[in-house]
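Numbering that gives the first Met the number 0 puts the first residue of the sequence shown at 0, with every later residue one more than the last.
The structure under discussion appears below in the form of structure tokens.
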Amino acid sequence: MKWPSWMLKQADRFLPARRITIVEADTPPPKLPWRNLVLARENNEDWAVAFRCPCGCGKHLELLLIEEVKPHWSIYQYW
Ligand SMILES: [Zn+2]
Numbered sequence: 000m001k002w003p004s005w006m007l008k009q010a011d012r013f014l015p016a017r018r019i020t021i022v023e024a025d026t027p028p029p030k031l032p033w034r035n036l037v038l039a040r041e042n043n044e045d046w047a048v049a050f051r052c053p054c055g056c057g058k059h060l061e062l063l064l065i066e067e068v069k070p071h072w073s074i075y076q077y078w
């Protein structure tokens, strides 16, 4: 079911903070959680982070974290 983006933005304010789940793999799993992020980590090396598009379209977005790949993303933990 596709929710209108305005409704998702309103509901998101009342939901708990997004969490990140770490999986031991070089790619994220094909099925992603509704709101949370999945970090694919193998042998202590971060490969990619994946999540469903926050606009509500349901598309899977995958950002590569491998430094050898250009371009690549970085992820930091601030707690
Ligand atoms: Zn989208």
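Cβ coordinates follow ideal geometry from the N, Cα and C atoms, glycine included.
As the structure is a computational prediction, the values presented were derived from the model and not from experiment.
Distance between beta carbons of residue j and residue i, contact taken as under 8 Å
i, j, result
"W46", "T26", "7 Å"
"A49", "E67", "At roughly 19 Å, the Cβ-Cβ gap does not stay under 8 Å, so A49 and E67 are not in contact."
"L31", "H59", "6 Å"
Cβ-heavy atom distance, residue i to ligand 1, below 7 Å
i, result
"K98", "Lying before the first or after the last residue shown, residue 98 is absent from the chain, which here runs from 0 to 78."
From the options, residue whose alpha carbon lies closest to that of residue i
i, options, result
"S4", "S73, G57, Q76 and P70", "G57"
"A16", "W2, P29, W33 and M6", "W33"
Beta-carbon spacing of residue i, residue j below 8 Å
i, j, result
"L64", "S73", "yes"
"N35", "R12", "no"
"E23", "E41", "yes"
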